[in-house]
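Using the numbering used here, the letters of the sequence shown map in sequence onto residues 88 to 516.
Ideal placement from N, C-alpha and C gives every residue a C-beta, glycine not left out.
One structure is given below, encoded as structure tokens.
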Amino acid sequence: MKMHTKLLGSVALSTLLVAGFAGCGDDDTVAAAAPASSATTISPYTRVAVLAQADATDADIEAVADKIAHYVTLTDETAADGHAFPGGWVIAGANKSAGGETYTTEDLLPIPSAGTAAGGKSRIVEFCNGGYATMATNTGRFHGSALPCEVSVHSDGTNIYVDMLNADAIFSLFFTDLSDAEKVALGPVATAVNNEIRELVLAALDDTTVAAQSPLVGTVGTTEAAAAITAAIPYTESTLAMGPEFTQTQIDNEVALKNPYIVFEYTNGGAGFVTGVDDKALGEAIIATMGTNGTDVYNNVPGVSAGSGWKSARPDTLAIPGVRVIEACSGKYATLATKLGNEYLTALPCEITVLVDENDPTKLTISFLSPNFMFGTMFQGAVEQAYADGKITKDDVIQYSTLADVVFADLRLIVDTAIQNYDPTLTLQ
Numbered sequence: 088m089k090m091h092t093k094l095l096g097s098v099a100l101s102t103l104l105v106a107g108f109a110g111c112g113d114d115d116t117v118a119a120a121a122p123a124s125s126a127t128t129i130s131p132y133t134r135v136a137v138l139a140q141a142d143a144t145d146a147d148i149e150a151v152a153d154k155i156a157h158y159v160t161l162t163d164e165t166a167a168d169g170h171a172f173p174g175g176w177v178i179a180g181a182n183k184s185a186g187g188e189t190y191t192t193e194d195l196l197p198i199p200s201a202g203t204a205a206g207g208k209s210r211i212v213e214f215c216n217g218g219y220a221t222m223a224t225n226t227g228r229f230h231g232s233a234l235p236c237e238v239s240v241h242s243d244g245t246n247i248y249v250d251m252l253n254a255d256a257i258f259s260l261f262f263t264d265l266s267d268a269e270k271v272a273l274g275p276v277a278t279a280v281n282n283e284i285r286e287l288v289l290a291a292l293d294d295t296t297v298a299a300q301s302p303l304v305g306t307v308g309t310t311e312a313a314a315a316i317t318a319a320i321p322y323t324e325s326t327l328a329m330g331p332e333f334t335q336t337q338i339d340n341e342v343a344l345k346n347p348y349i350v351f352e353y354t355n356g357g358a359g360f361v362t363g364v365d366d367k368a369l370g371e372a373i374i375a376t377m378g379t380n381g382t383d384v385y386n387n388v389p390g391v392s393a394g395s396g397w398k399s400a401r402p403d404t405l406a407i408p409g410v411r412v413i414e415a416c417s418g419k420y421a422t423l424a425t426k427l428g429n430e431y432l433t434a435l436p437c438e439i440t441v442l443v444d445e446n447d448p449t450k451l452t453i454s455f456l457s458p459n460f461m462f463g464t465m466f467q468g469a470v471e472q473a474y475a476d477g478k479i480t481k482d483d484v485i486q487y488s489t490l491a492d493v494v495f496a497d498l499r500l501i502v503d504t505a506i507q508n509y510d511p512t513l514t515l516q
């Protein structure tokens with residue numbers, strides 16, 4: 088396990104504290120882009136860089152992801168002589184302490200990927216910014232399950248690729264419930280997120296200056312050699328759009344009619360709940376019920392689908408402003424998803440959020456990203472294309488037709504079991 092530490096200057100630290108989220112930074116302000124015409128298309132996935140490296144190993148993929156995460160962790164993105172962003176970025180899972188932030192390679196999520204010579208694993212690097220996250224959850228805390236921002240590193244045996252979720256597309260697809268005025272206000276923020284994450288990824292690959300701090304402050308762990316950290320990684324920048332394409336007309340007339348979120352509200356007889364306490368405790372109960380090894384779930388949750396191997400990607404919940412996020416992973420279903428193409432990696436893992444209703448603190452809420460929405464929208468056309476390309480069989484097509492329902496049934500069973508274990512007096516509204 089490798090661990091890195093970034094000491095923040097007083098200005099950067101104060102902005103993080105004002106943001107109210109120990110793991111993220113502040114918001115950004117950019118000029119609004121011209122509205123897209125109805126014929127202009129937008130896709131959920133974007134390629135950032137291509138690294139020419141044949142037969143990449145799992146260690147090679149982790150090294151690229153680690154360099155990106157390492158750079159973000161040890162760089163003050165708000166510095167005037169650096170990126171000069173209004174707020175800082177951190178890696179999801181990073182731990183905050185007075186004056187600094189720590190990151191370990193365990194924060195890089197390994198997800199099965201297709202067609203790779205690297206042992207079938209990619210790495211997901213999740214970016215967090217407190218200001219942007221606060222702006223998103225202020226429109227409704229249930230939107231928290233659309234966060235954080237994922238970047239994937241994967242290989243097809245010929246090259247290593249760095250891809251990211253297109254924040255403009257995520258905003259357009261997952262925030263259709265906002266008023267026109269809210270969309271106008273937040274639209275430029277999505278563009279800023281795209282630009283800043285791309286800038287950070289490319290800067291990390293280019294970097295020859297950021298070296299590990301040793302000894303690590305207040306932590307236990309080892310780091311790779313400073314020479315490896317400060318070696319630039321050659322790449323070719325890409326702006327390739329991948330996945331389904333949507334026009335604004337389709338988003339307004341089709342996607343907006345579907346709900347990306349499945350929300351369940353619970354009460355405890357009117358006593359009320361406390362943000363940061365009850366949501367965290369229930370989130371931890373869900374993780375304990377699911378386990379983190381892919382086997383405990385069978386003992387803890389009888390009835391989950393065979394071979395699913397559900398586990399929490401992290402031992403703790405992710406803290407997003409007003410929300411606790413649990414990332415549920417199934418090797419079986421992730422393999423089926425990425426069999427359709429590695430461009431879909433950043434749509435994983437499955438997000439479950441726990442929150443205290445901001446308008447009614449007598450309600451403790453669980454919000455899922457709807458598997459049916461995810462497969463029907465973020466994977467739109469993928470099964471048909473994979474079958475046409477000979478990647479899957481007719482039997483596979485049948486299996487994919489029920490996959491979303493199976494995934495949701497498993498997740499709901501896990502959550503129901505966790506609630507019974509945590510507090511059987513909670514009542515579903």
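Residue range of the unbroken alpha helix (DSSP H) whose run includes residue i
i      : result
Thr221 : Gly217 to Thr224
Glu471 : Ala469 to Ala475
Pro275 : Asp267 to Asp293
Lys367 : Asp365 to Met377
Leu161 : Asp145 to Leu161
Residue from the options with nearest C-alpha to residue i
i      : options                           : result
Val177 : Ala143, Gly218, Ser200 and Pro199 : Gly218
Asp492 : Leu442, Thr278, Asn459 and His241 : Asn459
Glu213 : Ile485, Thr160 and Lys478         : Thr160
Ala328 : Met251, Ile320, Asp294 and Ile407 : Met251
Thr278 : Thr133, Ala475 and Ala201         : Thr133
Asp243 : Ala156, Ile148 and Pro235         : Ile148
Ile316 : Ala143, Val151, Thr127 and Ala146 : Val151
Phe258 : Leu435, Cys236, Thr245 and Val240 : Cys236
Ile211 : Leu500, Ala434 and Ile506         : Ala434
Asp365 : Ala181, Asp510 and Val137         : Asp510
Asp142 : Tyr248, Asp267, Arg401 and Glu193 : Tyr248
Ala318 : Asp293, Glu269 and Ser266         : Asp293
Asn346 : Leu289, Lys208 and Asp264         : Asp264
Gly356 : Asp163, Thr128, Gln516 and Val484 : Gln516
Gly378 : Ala358, Glu414, Ala393 and Val410 : Glu414
Residue i vs residue j beta-carbon contact at 9 Å
i      : j      : result
Lys367 : Thr404 : yes
Ile198 : Leu432 : yes
Thr514 : Tyr322 : no
Glu332 : Ser130 : yes
Gly418 : Gly390 : no
Val502 : Ile407 : no
His230 : Thr224 : yes
His170 : Glu324 : no
Ile284 : Val238 : yes
Gly330 : Gly428 : yes
Residue range of the unbroken beta strand (DSSP E) whose run includes residue i
i      : result
Tyr248 : Ile247 to Leu252
Ile479 : Where Ile479 is concerned, there is no enclosing beta strand (DSSP E), given that its DSSP letter is neither H nor E.
Ile198 : Leu196 to Pro199
Those residues which DSSP pairs with residue i across a bridge
i      : result
Glu414 : Glu438
His241 : Tyr248
Thr334 : Thr128
Val177 : Cys215
Ser399 : Ala415
Ser454 : Val350 and Thr440
Leu329 : Going by the sequence as given, residue 329 is Met instead of Leu. DSSP output for Met329 lists Tyr132 as bridge partner(s).
Leu515 : Tyr353
Glu324 : Ala136
Three-state secondary structure (DSSP) of residue i
i      : result
Leu432 : helix
Ala139 : coil
Ala185 : Unreliable positioning characterises Ala185 in this predicted model, as indicated by a pLDDT of 47, which lies under 50. A coordinate reading is not provided.
Lys208 : strand
Ala406 : strand
Ala119 : Model confidence at Ala119 stands at a pLDDT of 37, short of 50, so the residue's coordinates are unreliable and nothing is read from them.
Contact test: residue i Cβ vs the ligand ATP heavy atom, cutoff 8 Å
i      : result
Ser209 : The ligand ATP is not part of the structure shown, which contains no ligands of any sort.
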